[in-house]
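Asker: Each protein sequence line maps, in turn, to chains A and B. The first sequence begins at 79 in my numbering and counts up by one. The second sequence begins at 2 in my numbering and counts up by one.
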Amino acid sequence: MSDKLLSMTHLVGGYGGNDILKGASLTVAQDEVVVIVGPNGAGKSTLMKSAFGLVNIREGNIVFQGEDITNMRPDLIVRRGMSYVPQEKNVFPSMTVLENLEMGAYLRRDDYSAQLERIFEIFPRLKERRKQLAGSMSGGERQMVAMGRALMLDPKLILLDEPTAGLSPLFIEQTFDRIVEVNKMGIGILMVEQNAKQALEIAHRGYVLAMGRNRYEDTGAGLLGNREIAEMFLGG
Amino acid sequence: MDFIDLLQLLIYGVVLGSILTLGAIGVSLLFGILRFSNFAHGDLMTVGAYVAYAVISSFGLPIWAGLPVAMITSALVAVAVDQSVYRRLRRTKPVILLISSFGMALVVRAIVQLIWGPQDRALVKGIQIPIRLGDIVIRPDHLWIIGGTLVIVILLHLFLSRTRMGKAMRALSDNMDLARVTGIDAERVIIWTWALGGALAGAAGLFLALDARLTPMMGWTALLPIFAAAILGGFGKPYGAIVGGMVIGIVSEMSTAVLPSAYKPAIAFAVMIIMLIVKPNGLLGGRK
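1. Would you call the stretch 278–293 of chain A and the stretch 103–120 of chain A touching, i.e. three or more CB-CB distances under 8 Å?
2. Nearest-angstrom Cα distance between R122 (chain B) and L173 (chain B)?
3. Does any C-beta atom of chain A lie closer than 7 Å to the C-beta of R171 (chain B)?
4. Just curious, the beta strand (DSSP E) that F142 (chain A) is in, first and last residue?
5. Please report how far the alpha carbon of E259 (chain A) lies from the alpha carbon of G218 (chain A), in whole angstroms.
6. Do the stretch 238–253 of chain B and the stretch 274–286 of chain B make contact, defined as three or more Cβ pairs closer than 8 Å?
7. Tell me, please, whether the CB atom of V113 (chain A) is closer than 7 Å to any CB atom in chain B?
8. Taking the straight line between their C-alpha atoms, what separation do you get for G250 (chain B) and S59 (chain B)?
9. At 4 residues or longer, and completely inside the stretch 114–171 of chain B: list those alpha helix (DSSP H) runs for me, N to C.
10. Classify W195 (chain B) as buried or exposed, calling it buried when 16 or more other Cβ atoms lie within 10 Å of its own Cβ.
11. Applying the criterion that 16 or more other CB atoms from any shown protein chain within 10 Å of the CB defines a buried residue, is L83 (chain A) buried or exposed?
12. Identify whether K82 (chain A) lies in helix, strand or coil by the three-state DSSP scheme.
13. Answer yes or no: do T22 (chain B) and G49 (chain B) have a C-beta to C-beta separation smaller than 7 Å?
14. With A223 (chain B) and G43 (chain B) assumed to form a contact (beta carbons below 8 Å), what rounded beta-carbon distance in angstroms separates them?
15. Can you list, in chain order, the residues of the stretch 174–192 of chain A whose Cβ is nearer than 8 Å to any Cβ on chain B?
16. 7 Å is my cut-off, CB to CB: does V182 (chain B) come that close to chain A?
17. For P152 (chain A), which residues in chain B fall below 7 Å Cβ to Cβ?
18. Please report how far the alpha carbon of V125 (chain B) lies from the alpha carbon of D142 (chain B), in whole angstroms.
19. Mind pulling the chain B residues with CB within less than 8 Å of V156 (chain A)?
20. So what does DSSP say about V96 (chain B), is it helix, strand or coil?
21. So, V90 (chain A) versus L99 (chain A), is the Cβ gap smaller than 7 Å?
22. For V169 (chain A), which three-state DSSP category applies?
23. Give me the chain B residues within the contact set of K167 (chain A), using Cβ-Cβ distance strictly less than 8 Å, ordered along the chain.
24. Closest to I267 (chain A) by C-alpha separation, out of A:H282, A:E306, A:G213 and A:N134, would be which residue?
25. K289 (chain B) CB to nearest chain A CB: under 7 Å?
26. Would L62 (chain B) be called buried (16 or more neighbouring beta carbons within 10 Å of its own) or exposed?
27. Quick check: the Cα distance between S172 (chain A) and M215 (chain A), rounded to an integer number of angstroms?
28. Can you tell me the Cβ-Cβ gap for A202 (chain B) and G27 (chain B), rounded? I've got them flagged as a contact below 8 Å.
29. Identify the continuous beta strand (DSSP E) that holds S215 (chain A) and give its terminal residues.
30. Give, in chain order, every residue of the stretch 194–219 of chain A whose Cβ lies closer than 8 Å to some Cβ of chain B.
31. Pull up the distance between the alpha-carbon of L194 (chain A) and that of F170 (chain A), whole angstroms please.
32. What residues in its chain sit with their C-beta under 7 Å from that of Q120 (chain B), if we drop five residues either side in the sequence?
33. Taking P171 (chain A) as the query, report the chain B residues whose CB atoms sit under 7 Å from its CB, ordered along the chain.
34. Which residues in chain B sit within 8 Å of P164 (chain A), going by Cβ to Cβ distance?
35. Roughly how many whole angstroms lie between the Cα atoms of L277 (chain B) and F130 (chain A)?
36. Is the beta carbon of K234 (chain A) less than 7 Å from the beta carbon of G144 (chain A)?
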């Protein structure tokens, strides 16, 4: 398992007394794009959030870069090279784009201007709009700000919670293109997506989750080609 | 009531507005991050003013030397109260924090009374020679208050917009959950927010004592117009508190042109209530 960036094994847990995860497992290798799909209420977001210490895990363990991080505090996980982009409320609305990015680098005491330039190369729009308040931007632009913020610490792995939710088709395509570019920087990506077909097209591997357990696990293309899955989860 | 009298009242209004502004910024900053209204804020002002008075009078220092003393004292008291009391209540309901801050207000005021007694004291002794500009009369104290507030507000703006800690405070106020997953150490930022809010309260307390007299009740009496100012500007928005403080200060003083001055606090509340009905989020759109 040492070549795995992240491995989550037989996780059982949830938020209050109810277990949402009932033995789910998942791995992400270095440089991999992994997508979690499945019906509503399957525990997709919960599984991803558990990697970031946001879910109370009762059984199973989570290992990131060889270290057990099960139930570790999010601010300590960030320091270890994992970033998380929430689905909603993922920017600081009363701060400018540049300030949002600076907050992403809050933990860095060194000069991060090179990293900022790299992010501006992937998201040129953020450079144009760096003085604009994040709260006044469109949903798609906010998603770019949020991803840019998550990249400031130069993480090994980024978690994306439904990055294209509520976006127009044009922006959905652009967002997936950006995700591929980020991945090419050598950053592993784990995401939950409603637009399952498009997400699986850019994914190396995918997991189908149902009732808090793994249902299928295959390459992105493999899942797309599986007729049963296509009928059940991908809208025919 | 002629034009000169109104101008004179306007100056008094700006002086009162300066004091309210400094208090309201602290209340607003703390509300933005901790989501509770600190009822002990007025008494933080009182304690800063009294300690500054004690230091000035026992060492024979000039008044301006009292400003850093008041600011540091109130900041330290604010952080101490937070770490000893409020920190343990961080995960409870806001109403519990609210009531405990009411209790802390009584405790701080009682300590001030125990040490300095319940009687009034004058911060400045002797007669001051007012400055005359045509028919308008300005007390030198008032120039200090207005000038001091201006400098503090500019420094605050630079702090919030230029420094790492200032930006982190705004980030926490915007979205606490996102700030945490971004890696910002919330507890550390909260401590600095108390220190900042406390320091501003200390300055407000000293200016209040300079404008009137030192009494153990001075901060408590100022608390309600300060809340009115913070609500008017939009709770949780420090820049709104500046606007709110000035509006409440000026309207209160100007009202004495037509109403007995005993109605000043009532006017502050009338403005606040109208605001809550017309635009509940405040002038600058604060939190609900």
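We put the CB at the ideal spot given by N, CA and C, even for glycine.
Answerer: The answer reads as follows:
1. Segments in contact, yes.
2. As a first step, residue 122 (chain B) must be located in the second sequence, where it is residue number 121. As a first step, residue 173 (chain B) must be located in the second sequence, where it is residue number 172. Near 40 Å, if we compare the C-alpha coordinates of L173 (chain B) and R122 (chain B).
3. The sequence position of residue 171 (chain B) within the second sequence is 170, counting from 1. By the rule that beta-carbons nearer than 7 Å mark a contact, R171 (chain B) touches chain A.
4. Position 64 of the first sequence, counting from 1, holds the residue named residue 142 (chain A). First-last of the beta strand (DSSP E) with F142 (chain A): N134 to F142.
5. Residue 259 (chain A) sits at position 181 when you count from the first residue of the first sequence. Residue 218 (chain A) sits at position 140 when you count from the first residue of the first sequence. For E259 (chain A) and G218 (chain A), the distance between alpha carbons rounds to 16 Å.
6. Result yes; three or more Cβ-Cβ pairs closer than 8 Å.
7. Translated into positions along the first sequence, residue 113 (chain A) becomes position 35. No - not a single Cβ of chain B is within 7 Å of the one on V113 (chain A).
8. Start at 1 with the first residue of the second sequence, and residue 250 (chain B) comes out as number 249. Start at 1 with the first residue of the second sequence, and residue 59 (chain B) comes out as number 58. Each residue's Cα considered, the two are about 33 Å apart.
9. List check, alpha helix (DSSP H) in window: 141–163.
10. For the purposes of this step, residue 195 (chain B) is taken as the residue at position 194 of the second sequence. Buried, by the Cβ-count rule.
11. Taking the first residue of the first sequence as position 1, residue 83 (chain A) is located at position 5. Residue environment for L83 (chain A): buried (at least 16 other C-beta atoms within 10 angstroms of its C-beta).
12. Position 4 of the first sequence, counted from the start, is the residue given in the question as residue 82 (chain A). Secondary structure of K82 (chain A) (DSSP, three-state): strand.
13. One-based indexing of the second sequence puts residue 22 (chain B) at position 21. One-based indexing of the second sequence puts residue 49 (chain B) at position 48. No, Cβ-Cβ distance for T22 (chain B) and G49 (chain B) is not below 7 Å.
14. In the second sequence, residue 223 (chain B) corresponds to position 222, counting from 1. In the second sequence, residue 43 (chain B) corresponds to position 42, counting from 1. A223 (chain B) to G43 (chain B), Cβ: 5 Å. Contact.
15. Among the residues of the stretch 174–192 of chain A, those with a Cβ less than 8 Å away from any Cβ of chain B are E177, E180, M181, G182, Y184 and L185, in the order of the chain.
16. What you label residue 182 (chain B) is simply residue 181 of the second sequence in a count that begins at 1. Closer than 7 Å to some Cβ of chain A, the Cβ of V182 (chain B) qualifies, so yes.
17. Taking the first residue of the first sequence as position 1, residue 152 (chain A) is located at position 74. The answer, in chain order, is R181 and V182.
18. Position 124 of the second sequence, counted from the first residue, corresponds to residue 125 (chain B). Position 141 of the second sequence, counted from the first residue, corresponds to residue 142 (chain B). Roughly 9 Å between the two C-alpha positions.
19. The sequence position of residue 156 (chain A) within the first sequence is 78, counting from 1. In chain order: V182, T183 and G184.
20. As a working note, residue 96 (chain B) is residue 95 in the second sequence. In this structure, V96 (chain B) counts as helix in the three-state DSSP scheme.
21. Locating residue 90 (chain A) in the first sequence gives position 12, counting from the first residue. Locating residue 99 (chain A) in the first sequence gives position 21, counting from the first residue. Yes, these two residues count as a Cβ contact at 7 Å.
22. In the first sequence, residue 169 (chain A) corresponds to position 91, counting from 1. Secondary structure at V169 (chain A): coil, using DSSP grouped into helix, strand and coil.
23. What you label residue 167 (chain A) is simply residue 89 of the first sequence in a count that begins at 1. The answer, in chain order, is N176, D178 and L179.
24. Position 189 of the first sequence, counted from the start, is the residue given in the question as residue 267 (chain A). Measuring from the Cα of I267 (chain A), the nearest candidate turns out to be A:H282.
25. Walking along the second sequence from the start, residue 289 (chain B) turns up at place 288. Unreliable placement is indicated for K289 (chain B), whose pLDDT of 44 sits below 50; the coordinate value is still reported in the next sentence. Interface criterion not met: the Cβ of K289 (chain B) is under 7 Å from no Cβ in chain A.
26. Here residue 62 (chain B) refers to the residue found at position 61 when the second sequence is read from its first residue. With fewer than 16 other Cβ atoms within 10 Å, it is exposed.
27. Residue numbering aside, residue 172 (chain A) sits at position 94 when the first sequence is read from its first letter. Residue numbering aside, residue 215 (chain A) sits at position 137 when the first sequence is read from its first letter. Roughly 11 Å between the two C-alpha positions.
28. Along the second sequence, read from residue 1 onward, the residue named residue 202 (chain B) stands at position 201. Along the second sequence, read from residue 1 onward, the residue named residue 27 (chain B) stands at position 26. With a contact defined as Cβ atoms closer than 8 Å, A202 (chain B) and G27 (chain B) qualify at about 5 Å.
29. If you number the first sequence from 1, residue 215 (chain A) lands on position 137. Strictly speaking, residue 215 (chain A) in this sequence is Met, with Ser absent from that position. From DSSP, M215 (chain A) is part of no beta strand (DSSP E); its letter is neither H nor E.
30. Of all residues in the stretch 194–219 of chain A, none has a C-beta nearer than 8 Å to a C-beta of chain B.
31. Translated into positions along the first sequence, residue 194 (chain A) becomes position 116. Translated into positions along the first sequence, residue 170 (chain A) becomes position 92. A direct Cα-to-Cα measurement between L194 (chain A) and F170 (chain A) gives close to 18 Å.
32. Numbered from 1 along the second sequence, position 119 holds the residue referred to as residue 120 (chain B). So the list is empty, once near-sequence residues are dropped.
33. Along the first sequence, read from residue 1 onward, the residue named residue 171 (chain A) stands at position 93. Ordered by position in chain B, the residues that pass the 7 Å Cβ test against P171 (chain A) are D175.
34. For this step, residue 164 (chain A) is matched to residue 86 along the first sequence. The answer, in chain order, is D178, L179 and V182.
35. As a first step, residue 277 (chain B) is located in the second sequence; it is residue number 276 there, counting from the start. As a first step, residue 130 (chain A) is located in the first sequence; it is residue number 52 there, counting from the start. If you draw a straight line from the Cα of L277 (chain B) to the Cα of F130 (chain A), it comes to about 40 Å.
36. Within the first sequence, residue 234 (chain A) is the residue found at index 156, counting from 1. Within the first sequence, residue 144 (chain A) is the residue found at index 66, counting from 1. Using a Cβ distance threshold of 7 Å, K234 (chain A) and G144 (chain A) do not count as a contacting pair.
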